[in-house]
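Asks:
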Amino acid sequence: MGESKPLVSIIMPVYNSEKYLAHALDTVLDQDYENFELILVDDGSKDKSGVICDGYRDKDPRVKVLHKENGGICSARNAGIDMAKGKYIGFCDNDDEFLPGLITDNVKLIEETGSDMVRFLREHVIYSENSTLLRSYVITPDEGPEVFDETNFAENYFSICKLSGGVWTGLYRKSFLDENEIRFDERLKFGYEDTLFNFRVLGSTMRVAINPNVYYRWIQREAHSTSRKFSMNRFFAIKELIQMEDLISDKFNFREKCGLRWAEHLIDTHIHELMLLLTDKNCELSYKEKIKLLDEFSELPAFKKLWGITTIIAEHMKTKTGITYRLFVEKHHHLLLILYTVSRKLTKRN
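Residue numbers for the sequence shown follow numbering that gives the first Met the number 0, so the first one is 0 and each next one is one higher.
1. Quick one, which of Ser-114, Ala-262, Phe-235 has its alpha-carbon nearest Arg-206's?
2. Taking the alpha-carbon positions, what's the Leu-240 to Tyr-55 distance?
3. Would you give the residue range spanned by the beta strand (DSSP E) that Met-231 belongs to?
4. When you compare only the Cα positions, how much space is there between Lys-304 and Phe-253?
5. Quick one, are the C-beta atoms of Gln-219 and Leu-299 less than 9 Å apart?
6. Classify Glu-128 as buried or exposed, calling it buried when 16 or more other Cβ atoms lie within 10 Å of its own Cβ.
7. Kindly indicate which residue of Lys-47, Asn-34, Pro-5 has the alpha-carbon position closest to the one of Leu-20.
8. Run through DSSP, which three-state label would Pro-140 get?
9. Relative to the alpha-carbon of Tyr-136, which residue among Arg-76, His-66, Val-213 has its alpha-carbon at the smallest distance?
10. On the three-state DSSP scale, how would you describe Ala-361?
11. Does the contact criterion of 3 or more C-beta pairs under 8 Å hold for the segment 49 to 65 versus the segment 140 to 147?
12. When the distance is taken between beta carbons, is Asn-105 closer than 9 Å to Gly-85?
13. So, is His-333 buried or exposed, given that buried needs 16 or more other C-beta atoms within 10 angstroms?
14. Starting from the C-beta of Gly-169, find all residues in its chain whose C-beta is less than 6 Å away, skip the five residues before and the five after it, and write them out in chain order.
15. Under the three-state reduction of DSSP, which class applies to Ser-342: helix, strand or coil?
16. Work out the CA separation of Ile-109 and Ala-208 for me, nearest whole Å.
17. If you draw a straight line from the alpha carbon of Ile-247 to that of Asp-57, how long is it in whole angstroms?
18. Rounded to the nearest angstrom, what separates Ser-226 and Thr-150 at their Cα positions?
19. Would you kindly work out how many angstroms separate the C-alpha atoms of Ile-266 and Tyr-339, rounded to a whole number?
20. Taking Leu-336 and Lys-289 to be in contact with their CB atoms under 8 Å, please state how far apart those CB atoms are, rounded to whole angstroms.
21. What does DSSP give as the partner residues of Met-11 in its beta bridges?
22. Decide if Asp-177 is buried, meaning its Cβ has at least 16 other Cβ atoms within 10 Å, or exposed.
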């Protein structure tokens with residue numbers, strides 16, 4: 000007999016998803032890869048999701064079930080990682096889909112390249128509240144090498160970041176996660192937990208492989224999503240992301256190697272997201288509170304390290320990015336709020 004393929008652990012946090020859960024489970028269990036376990040972490044579901052999990056466990060020995068008190072998606076995923084016995088870890092949300100070949104192709108790539116993580120592509124499908132398909136799209140990677148390591152990481156970092164921040168578009172070496180004590184930050188309750196997890200991986204890893212094919216379908220249902228709800232926890236999460244990337248920048252010397260693009264990345268990724276939250280109609284902060292929050296963000300080390308070269312960098316940026324950068328770093332925050340408020344109104348009108 001030939002050597003058996005390595006065990007892969009697929010972790011699915013489950014919470015109140017009785018309408019979509021069975022389909023999501025079937026797409027994982029229908030994979031052509033033989034040697035995997037599917038760990039279902041029922042995070043205190045109040046509907047029939049827990050019963051559905053137990054039903055699949057009873058009829059398929061690959062399915063493992065853990066019922067726990069509700070603690071959020073980070074807590075559920077961490078429980079799944081701790082329970083996992085596989086050489087590699089993958090993730091699936093309880094209302095999404097694995098596409099054919101996801102496990103087989105990406106195990107092959109991570110084994111052949113000796114990587115700590117493989118990133119692949121996903122299709123983002125968005126439905127309205129009445130289940131009408133609004134749009135579907137795929138973000139493709141930039142041209143570049145298949146494998147990134149310490150020799151080419153800095154110049155290709157932004158290409159990696161361009162890919163989905165979701166952990167469900169990755170396969171991770173379990174021993175690597177354990178050795179570097181990488182887990183989900185359970186303080187994050189309303190988004191960005193996947194991105195922070197991946198930043199922690201990128202800050203520790205020496206080898207990442209990119210598979211430019213689509214293997215996952217991320218299904219966003221507006222009636223089933225909490226992503227648009229306002230929470231102060233989102234601002235805390237963005238701050239954690241910025242500070243984690245600042246550590247990565249220090250490690251790989253991004254400011255010296257790619258100063259302009261690094262500054263653009265900080266603005267287009269994090270400050271843009273921050274401003275969208277602050278100018279959202281559901282934001283409950285007063286005007287003074289918004290200004291105070293922007294003052295706090297502009298004092299973060301990631302931005303203070305860019306002081307002194309503000310004008311030089313901004314002159315070479317794309318117009319909107321450059322204006323945002325100057326207003327933010329130089330603390331003209333009232334003008335920045337006006338800019339984004341007007342921009343959002345014009346976009347909505349068009």
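Idealized CB from N, CA, C, for every residue including glycine.
Since we're looking at a predicted model, the values are computed, not measured.
Replies: Put simply:
1. As a working note, residue 206 is residue 207 in the sequence shown. Looking at the Cα atoms, Ser-114 is the closest of the given residues.
2. Here residue 240 refers to the residue found at position 241 when the sequence shown is read from its first residue. Here residue 55 refers to the residue found at position 56 when the sequence shown is read from its first residue. For Leu-240 and Tyr-55, the gap between their C-alpha atoms comes out near 37 Å.
3. Here residue 231 corresponds to residue number 232 of the sequence shown, with the count starting at 1. Premise fails: Met-231 is in no beta strand (DSSP E) and is neither H nor E.
4. The residue labelled residue 304 in the question sits at position 305 within the sequence shown. The residue labelled residue 253 in the question sits at position 254 within the sequence shown. Spanning the two alpha carbons is a distance of roughly 12 Å.
5. Indexing the sequence shown from 1 puts residue 219 at position 220. Indexing the sequence shown from 1 puts residue 299 at position 300. Not a contact, by the Cβ cut-off of 9 Å.
6. Numbered from 1 along the sequence shown, position 129 holds the residue referred to as residue 128. With a 10 Å radius around the Cβ and a threshold of 16 neighbouring Cβ atoms, Glu-128 comes out exposed.
7. Counting from one through the sequence shown, the residue named residue 20 turns up at place 21. Nearest to Leu-20 by alpha-carbon distance, out of Lys-47, Asn-34, Pro-5, is Lys-47.
8. On the sequence shown, position 141 is the one that residue 140 refers to. In this structure, Pro-140 counts as coil in the three-state DSSP scheme.
9. Position 137 of the sequence shown holds residue 136. From the listed residues Arg-76, His-66, Val-213, the smallest Cα separation to Tyr-136 is found for Val-213.
10. This structure gives no information on residue 361, because the portion of the chain shown stretches from 0 to 349.
11. By the Cβ rule, the segment 49 to 65 does not count as touching the segment 140 to 147, because fewer than three pairs are nearer than 8 Å.
12. If you number the sequence shown from 1, residue 85 lands on position 86. If you number the sequence shown from 1, residue 105 lands on position 106. Taking the C-beta atoms as reference points, Asn-105 is found no nearer than 9 Å to Gly-85.
13. Your numbering for residue 333 matches position 334 in the sequence shown. Its Cβ having fewer than 16 others within 10 Å, His-333 is exposed.
14. Counted from its first residue, the sequence shown places residue 169 at position 170. Short of 6 Å from the beta carbon of Gly-169, and not among the five residues preceding or following it, lie these beta carbons of its own chain, in chain order: Met-116, Arg-118.
15. Against the sequence shown, residue 342 aligns to sequence position 343. Helix.
16. If you number the sequence shown from 1, residue 208 lands on position 209. If you number the sequence shown from 1, residue 109 lands on position 110. A straight line joining the alpha-carbon of Ala-208 with that of Ile-109 spans about 7 Å.
17. For the purposes of this step, residue 247 is identified with residue 248 of the sequence shown, where counting begins at 1. For the purposes of this step, residue 57 is identified with residue 58 of the sequence shown, where counting begins at 1. Ile-247 and Asp-57 have their C-alpha atoms roughly 45 Å apart.
18. For the purposes of this step, residue 226 is identified with residue 227 of the sequence shown, where counting begins at 1. For the purposes of this step, residue 150 is identified with residue 151 of the sequence shown, where counting begins at 1. The predicted model places Ser-226 with a pLDDT of 49, which falls under 50 and marks its position as unreliable; any figure quoted below should be read in that light. About 37 Å.
19. As a first step, residue 266 must be located in the sequence shown, where it is residue number 267. As a first step, residue 339 must be located in the sequence shown, where it is residue number 340. Using only the alpha carbons, I get a separation of about 13 Å.
20. Translated into positions along the sequence shown, residue 336 becomes position 337. Translated into positions along the sequence shown, residue 289 becomes position 290. Contact flag correct, Cβ pair sits at about 6 Å.
21. For the purposes of this step, residue 11 is taken as residue 12 along the sequence shown, with counting starting at 1. Paired residues: Leu-39.
22. By 1-based counting over the sequence shown, the position of residue 177 is 178. So Asp-177 counts as exposed.
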